[in-house]
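Working notes for the structure below.
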Amino acid sequence: MPVAPASQPITWLVASIIVAIAAGSATWLALRRRFDDATFAHGPMGALGWSATALFHLLPPLLAIRYGVLSTRDLGLNGIDWQRTLSGGLMLSVLLAGGMLAGWLLYRRSLPQGEATSGLPRLLAIVRAPVDALLHQWHWAFYRAAAAAALALLPLRAPEWAPLGYAVDIIRGDPIYWGAWLGLAAIGIEWALNPFNRASFRRPHLRETVLRRAALAVATTGLFILTHNLWLCWSVHLVVELLAEASFPLPIQRVDDADR
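And the structure:
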């Protein structure tokens, strides 16, 4: 019996990307003449935008689990091989977190000296760090799991499709590996086609935050391939984000100087 399109993991993956791009583009067109990207990120609309993004990251994986499209095991929440996690995953986690923080500190030292971000903006960033880390990892896990589940449903190779068939055999042999990188590619496409993300490169601190999260997306994808453990990925993400925001915040830069 053919599987209904609504229950296909690839349908959920593509639909999520389309919704994200459409919502981001529509919001940008509606607001760009009234709010610049800094106001949208840090002002009242920033709180509204953050809430909408949080719901978008949170709900699709929950609905996919509810309707049987994905399982908690697919997402890396349970069924974890703790022996693999303890034998190689913990050491790799330390290396990833340490390497990214070292890079962050080197970049931070290369900037002109100035007053560090303080007050309410810094406090909010620190308070939000655990939630943001969880939401991003949850969203990325959804894309990884959906891509892996879609690859696992690829048809068996037909003899007349020899070159393509061999590739299908390789992918079907390890759908989690290939699905993880395909999911990362989907994340990149979703990000690149969002005008707010592109605009963030013109603003100090927003630019660095986006680049740090991109590095975390790549690093935790590799970590997930090794351990299939979402909790470990979230822990690395949390440590890097929290230390970057709480202990090693960037010095304040004037917008006109940063944009030269």
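Using our numbering, you'd call the opening residue of the sequence shown number 784 and step up by one each time.
Built from N, CA and C at the ideal position, the CB exists for glycine as well.
With contacts defined by Cβ atoms closer than 8 Å, L918 and G962 do not form a contacting pair. Within its own chain, the residues whose Cβ lies closer than 8 Å to the Cβ of I863, once the five positions on either side in sequence are excluded, are T1010, H1011, N1012 and W1014, listed in chain order. For S808, the enclosing alpha helix (DSSP H) starts and ends at P792 to L814. Taking the C-beta atoms as reference points, P978 is found nearer than 8 Å to W811.
With respect to L1021, A929 sits apart: the two C-beta atoms are not nearer than 8 Å. It is roughly 10 Å from the alpha-carbon of Q920 to the alpha-carbon of V914. A931 is positioned such that its CB atom lies closer than 8 Å to that of P958. A residue is called buried when at least 16 other Cβ atoms come within 10 angstroms of its Cβ; V802 does not meet this threshold and is exposed. Taking the Cα of L999 as reference, the smallest distance to any Cα among H988, V1023, R981 and S790 is reached at V1023. Residue burial is scored here from C-beta neighbours: I970 has at least 16 other C-beta atoms within 10 angstroms and is therefore classed as buried.
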